[in-house]
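Residue numbers (my numbering): 71 to 418. In this text, a Cβ means the ideal position worked out from N, Cα and C, and glycines have one as well. For clarity, every value in this text was computed on a predicted model and none was experimentally measured. A quick write-up on the structure given underneath.
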């Protein structure tokens, strides 16, 4: 795109283009979707185009016929630039009907006729939104910002009076009404500051009341303790317990040679307190030798219920078996002893 300054156009000329003016620029953040946001979108676009000195390309005050033949190409270039800016701020469905247009003023008028529907239903919606809007879970800043959006749109849709004296009186009533609307939407936690504002003479403006409520909210945030999460508290408790246990494990008694205390705290030296609970000693387990029999199944060697503690050598164990075998043989011979009875001589 050629720089119009090379054609000696002054900076304030409506056909002057700055080097930063590009077709892909996004003038406003609002995107036109339909009737619901046309008022906000059109006002935002008007402000941006006025700053660019291109407002005349949409309201018809800067037409192509107003310039000489040598400046008409510059007008065509500026018109195409404004048209591209409009395309960048509408939805894809709306841009399909604009892309074939060649005049930015005609496109703007067409959008205005289709979506600028200032009727009773929209005003009713704004009244209802203002009356029912409450703080709820919002912060004071978010709640007040949303309420101001409703007020600003209402001011644009409803024209004010042209009489100066009537305008001053109406503005005073409107500011008082909006002050009450703002205070009614606050949560009950701000009832004290709300009462203080209502007792002021004269009543403050909406912005002054907002500043007072914001100050109260800041004081509440500073006074409230920081919440401590349960895992953090548990970790802190475990850390303190482990540190105490570690400190106690580092102590050593020079009297009983045990760890966990020092000589001055030793119960064995200074005596046990009356409420001291003695731990019960485990009764000694008699060493048992388990001899597996052929009838009973063999127990696994890793069974924790069997304590294997051999106290005899293999030779001693064999001697015990031999001794038991001899005793059983002597007992059997003793049972067989008795008087002999002879029946015949041939019995022998």
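| Check | Outcome |
| --- | --- |
| DSSP bridge partner residues for residue 102 (one or two, in chain order) | 160 |
| CB of residue 250 within 9 Å of CB of residue 280, strictly | no |
| Cβ neighbours of residue 158 in the same chain (closer than 6 Å, five flanking residues each side left out) | 96 |
| C-alpha gap between residue 268 and residue 217, whole angstroms | 19 Å |
| Touching by the beta-carbon criterion (3+ pairs, under 8 Å), the region 95 to 114 and the region 146 to 163 | yes |
| Pair within 9 Å by beta-carbon distance, residue 213 and residue 256 | yes |
| Straight-line gap, residue 144 to residue 103 (C-alpha atoms, nearest Å) | 31 Å |
| Three-state class that DSSP yields for residue 322 in the structure shown | strand |
| C-alpha distance - residue 175 paired with residue 222, whole-angstrom precision | 26 Å |
| Assumed close pair residue 84, residue 132 - CB separation to whole angstroms, cut-off 8 Å | 5 Å |
| Boundaries of the alpha helix (DSSP H) in which residue 345 is found, first to last residue | Run containing residue 345: none; DSSP gives neither H nor E here. |
| At least three beta-carbon pairs within less than 8 Å, the region 103 to 119 to the region 178 to 189 | yes |
| Among 342, 285, 321, the one whose alpha carbon lies nearest that of residue 209 | 285 |
| Own chain partners of residue 248 with C-beta closer than 7 Å, once the 5 adjacent residues on each side are dropped | 221, 276 |
| Cross-strand partners of residue 329 (DSSP beta bridge) | 322 |
| Endpoints, alpha helix (DSSP H) assigned at residue 69 | As displayed, the chain neither begins before 71 nor continues past 418, which places residue 69 out of reach and without an answer. |
| Three-state class that DSSP yields for residue 81 in the structure shown | coil |
| Alpha-carbon spacing of residue 72 relative to residue 86, whole angstroms | Residue placement at residue 72 cannot be trusted, given a pLDDT of 44 that sits under 50; what the coordinates show is reported in the next sentence. Approximately 11 Å between the Cα atoms of the pair. |
| Reduced DSSP secondary structure (H/G/I, E/B, other) of residue 94 | coil |
| Contact under 9 Å by Cβ, residue 112 with residue 186 | yes |
| Boundaries (first-last residue) of the alpha helix (DSSP H) holding residue 212 | 210 to 227 |
| As assigned by DSSP and simplified to three states, the class of residue 165 | helix |
| Whole-Å CB distance - residue 160 paired with residue 245, under 8 Å assumed | About 35 Å; that fails the 8 Å criterion. |
| Alpha-carbon spacing of residue 146 relative to residue 162, whole angstroms | 24 Å |
| Whole-Å CB distance - residue 331 paired with residue 321, under 8 Å assumed | 6 Å |
| Same chain, Cβ closer than 6 Å to residue 287, five either side skipped, listed in chain order | 210 |
| Simplified DSSP assignment, three categories, for residue 195 | helix |
| Residue 243 in three-state terms, based on DSSP | helix |
| Continuous alpha helix (DSSP H) stretch holding residue 266: start and end | 261 to 268 |
| Pairwise C-alpha distance: residue 329 and residue 335 | 11 Å |
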